[in-house]
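In what follows, a single structure is set out as structure tokens and then discussed.
Number of protein chains: 2
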Amino acid sequence: MTTPEKGAYARAGVNIDAQDRALSGIGKLVRKTFTEGVLSDVGSFGGLFRPDLSGMKEPVLVASADGVGTKLRVARMAGDYSSVGRDLVNHCVNDILVQGARPLFFLDYVGAGVLEPEAMKQLVSGVAHACRENGCALLGGETAEMPGFYQEGDYELVGFVLGIVDRQKILDGSRVRAKDIILGLPSSGLHTNGYSLARKIFYDDLGLAVGERIPGASSKASVTRQLLEVHRSYLPAVGRVLEHPALNALAHITGGGLTDNLPRVLPKKTRAQIRVGAWEIPQIFRLLQQHGGIDTEEMLRVFNMGIGMCLIVNPSGVGEVLDVLKRAGERASPIGTVQKGGAGVVYDLGEHET
Amino acid sequence: MTTPEKGAYARAGVNIDAQDRALSGIGKLVRKTFTEGVLSDVGSFGGLFRPDLSGMKEPVLVASADGVGTKLRVARMAGDYSSVGRDLVNHCVNDILVQGARPLFFLDYVGAGVLEPEAMKQLVSGVAHACRENGCALLGGETAEMPGFYQEGDYELVGFVLGIVDRQKILDGSRVRAKDIILGLPSSGLHTNGYSLARKIFYDDLGLAVGERIPGASSKASVTRQLLEVHRSYLPAVGRVLEHPALNALAHITGGGLTDNLPRVLPKKTRAQIRVGAWEIPQIFRLLQQHGGIDTEEMLRVFNMGIGMCLIVNPSGVGEVLDVLKRAGERASPIGTVQKGGAGVVYDLGEHET
């Protein structure tokens, strides 16, 4: 009998036993995320979850799939895959949060040419860590070794989140009205969008090394550390106002920036008027704009520019919503309003015009 | 104002508008999969689905994530991405079917260096087609353009399926007993496993061109067409016996073959005894074995060898289960039994030893 390590499959670049070993340490991390609803153990064909439907009139499932984009390349450059798993989970959780849903469970997919045990452990522990922080179970996942498909050190990371919301509490933008106030919540950095451009500007055009600081940066962190700053989860703060009657919509500011994401929750024939001077744009965006020679309109469509989540709130409830957010440690600020007529986002660039 | 086509982001290799155009034709295909439960439209942050819980005592959600592996490379060689989407959906549907669940909805992720509209359309129409066939909605998805991460023409394709089952009807192998009969259902080919090895044998070692026939093959189809044969969904046939009291377990024969997948549903201190001569092994596996010089044990751990799904059935119900499957057009055959003692799979190789 041939041991698989020496067999034909191993010679073709796939080593089932090595994969099993790489994954064996991960089971413990995964089980730590298990919440009450989890009925299956690690390694079953599908993950089993019994949702708590008590108190729900008409339960609606909310699902989203996402990746991390080329932030994965920055992780590879840093030789540190521990943060991208957290990026992924938080991104997915935010994507269903904006429809009023709280996460039940998460599944991940990791693809690589060769699954290195240490990198795998970093990736999955990041995912597991963020799952615990968001109170959602890491119910399952898939790892795929695809020789020749991925370059050495590259890991593709895809996530799926499933959440639940009572139908009457779904946020879909239909309650948004002209004169509603748009509150912005700070991002922690680029989150998971604009990395192809940021890498081009910092590493290719400026020629920065992995550990170097960005010219003109006041932060002591290297360009790579700044770029790896973890995508925030807004669940801890926004979860506290999710059922507030004045909250009419939420928008997660991802690819497409404020420009493309705010209109996704605006009713027809309304537009968002945003005062770009209303919040402090983090220095990293100024440096990207300056070193990349990018105009402000494009910056606002590629990057979040310091706003990772928007709440659209009826004016009557703004004070209360801001109070709750403040008590949750969140620095929210009014950054614009919904206006009658037109479509999309209109920016008041004020003193920030370049 | 800069149009994004000419902007810095486009110069970094990402073209948001071209992505939007590539995706615009896909919306129609996706909407055709929508079932009664779907509450959201294409393009919302998360997909919304209201499950029909009527008649269920304790609804349990069953979720699975999967990819297609390097079968994607074969699709690239053929310049035809229309079948891998079907592979993906059927694979995922089978993975939750084995726990007794029927699919509610599916989400996909497509990653590429550059998203070519024609390839995208083929990929997503394959996914949408199979979703309709399986009666599950294509509720959402994500496409990611990651310049430099993927090679030209390579598309990563990842899927996530969510199904539902009443808790008392979950199949988890706990009812399996010694003397149970193992029925095998035919696969349509390699399904989605063993492609790194198959590609090495046929394209690298034998040097076959994309359109050539495999030496010794009786099929007139090219090696590439044979390798692209679509992974079957067992839902139409197995769905009819899912609640049969004699059905004790199901095993989807994927990566790891019969050797690794059958034991996943066997109770401790039992083993599966499989008669390799009990079914006709499709010629493609014989050709792989012969041209690759692979021993039978390894073949059985890398490939499905012609069995894509196993049913473990109490002897008293075997006749009835076989009848129902036959009426559904399924050619099931007894391929072995569950036996007391030991673990794993023991093969009776009979005349098929090489």
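Chains A and B, in that order, give the protein sequences.
Taking my numbering, I'd label the letters of the first sequence as residues 64 to 417.
Taking my numbering, I'd label the letters of the second sequence as residues 64 to 417.
All residues carry an ideal CB built from backbone N, CA and C; glycine is no exception.
On a predicted model such as this, the values are computed, not experimentally measured, just so you know.
Three-state secondary structure assigned by DSSP to residue i
| i | result |
| --- | --- |
| Gln-214/B | coil |
| Leu-269/A | coil |
| Met-368/B | coil |
| Ser-250/B | coil |
| Thr-359/B | helix |
| Phe-348/B | helix |
| Ala-126/B | strand |
| Val-328/A | helix |
| Thr-400/A | strand |
| Arg-303/A | coil |
| Ser-319/A | What sits at residue 319/A in the sequence shown is Gly, not Ser. Note: Gly-319/A maps to coil in three-state DSSP. |
| Gly-70/B | coil |
| Val-228/B | strand |
| Leu-116/A | coil |
| Leu-384/B | Here residue 384/B is Val; the residue named in the question, Leu, does not match the sequence. DSSP places Val-384/B in helix when its eight states are reduced to three. |
| Gly-222/B | strand |
| Val-131/B | coil |
| Ile-277/A | coil |
Exposure of residue i, with buried meaning 16 or more beta-carbon neighbours within 10 Å
| i | result |
| --- | --- |
| Arg-139/B | buried |
| Glu-416/A | Unreliable positioning characterises Glu-416/A in this predicted model, as indicated by a pLDDT of 45, which lies under 50. A coordinate reading is not provided. |
| Ser-250/A | buried |
| Ala-309/A | buried |
| Gly-404/B | exposed |
| Arg-334/B | buried |
| Gln-289/B | buried |
| Ser-117/A | exposed |
| Ser-281/B | exposed |
| Ala-272/B | exposed |
| Glu-393/B | buried |
| Ala-406/B | exposed |
| Asp-129/B | buried |
| Ser-237/B | exposed |
| Arg-390/A | exposed |
| Pro-345/A | buried |
Continuous beta strand (DSSP E) stretch holding residue i: start and end
| i | result |
| --- | --- |
| Ile-166/A | Residue identity check: residue 166/A is Pro in the sequence provided, not Ile. Here the beta strand (DSSP E) through Pro-166/A covers 165-175. |
| His-315/B | 310-315 |
| Leu-111/B | 110-112 |
| Gln-336/B | 333-338 |
Contact test: residue i Cβ vs the ligand NAP heavy atom, cutoff 8 Å
| i | result |
| --- | --- |
| Val-273/A | Looking at this structure, you won't find the ligand NAP or any other ligand, since it has none at all. |
Pairwise C-alpha distance: residue j and residue i
| i | j | result |
| --- | --- | --- |
| Arg-421/B | Thr-317/B | Not covered by the structure: residue 421/B. The range shown for chain B is 64 to 417. |
| Asn-324/B | Val-387/B | 24 Å |
| Tyr-266/B | Lys-134/B | 13 Å |
| Val-408/A | Ala-314/B | 52 Å |
| Lys-283/A | Arg-276/A | 7 Å |
| Arg-195/B | Ile-264/A | 44 Å |
| Met-209/A | Asp-217/B | 12 Å |
| Ile-398/A | Ala-75/A | 56 Å |
| Leu-363/A | Gly-88/A | 42 Å |
| Met-372/B | Pro-326/A | 47 Å |
| Val-401/A | Asp-243/A | 5 Å |
| Ala-300/B | Ala-395/B | 10 Å |
| Phe-212/A | Val-131/B | 12 Å |
| Gly-203/B | Gln-214/B | 25 Å |
| Gln-336/A | Tyr-297/B | 53 Å |
| Gly-340/B | Met-368/B | 11 Å |
| Val-304/B | Val-381/B | 11 Å |
| Phe-168/B | Gly-413/B | 43 Å |
| Ile-375/B | Leu-246/B | 6 Å |
| Ala-175/B | Leu-170/A | 21 Å |
Span of the alpha helix (DSSP H) around residue i
| i | result |
| --- | --- |
| Glu-208/B | Note, Glu-208/B: premise wrong, no alpha helix (DSSP H); beta strand (DSSP E) at 200-208. |
| Thr-287/A | 286-290 |
| Asp-411/B | That residue, Asp-411/B, is in no alpha helix (DSSP H); its beta strand (DSSP E) goes 408-411. |
| Ala-391/A | Segment: none, Ala-391/A is in no alpha helix (DSSP H) and carries neither H nor E. |
| His-154/A | 147-160 |
| Leu-234/A | Element bounds for Leu-234/A: n/a, residue is neither H nor E. |
| Pro-180/B | 180-196 |
| Tyr-258/B | 258-262 |
| Val-105/A | Here Val-105/A belongs to no alpha helix (DSSP H), and DSSP marks it neither H nor E. |
| Leu-135/A | 134-141 |
| query | If you pair each beta-carbon of the segment 249-258 of chain A with each one of the segment 281-301 of chain A, do three or more pairs fall below 8 Å? | reply | Touching, yes, given that three or more Cβ pairs across the two stretches are closer than 8 Å.
| query | Is the segment 101-112 of chain B touching the segment 154-170 of chain A in the sense that three or more CB pairs, one from each, lie closer than 8 Å? | reply | yes
| Does the segment 230-242 of chain B come close enough to the segment 178-189 of chain B that 3 or more CB-CB pairs lie under 8 Å? | Not touching, per the Cβ criterion.
| message | For the segment 89-99 of chain B against the segment 142-160 of chain A, do three or more pairs of beta-carbon atoms, one drawn from each stretch, fall closer than 8 Å, so that the two count as touching? | response | no
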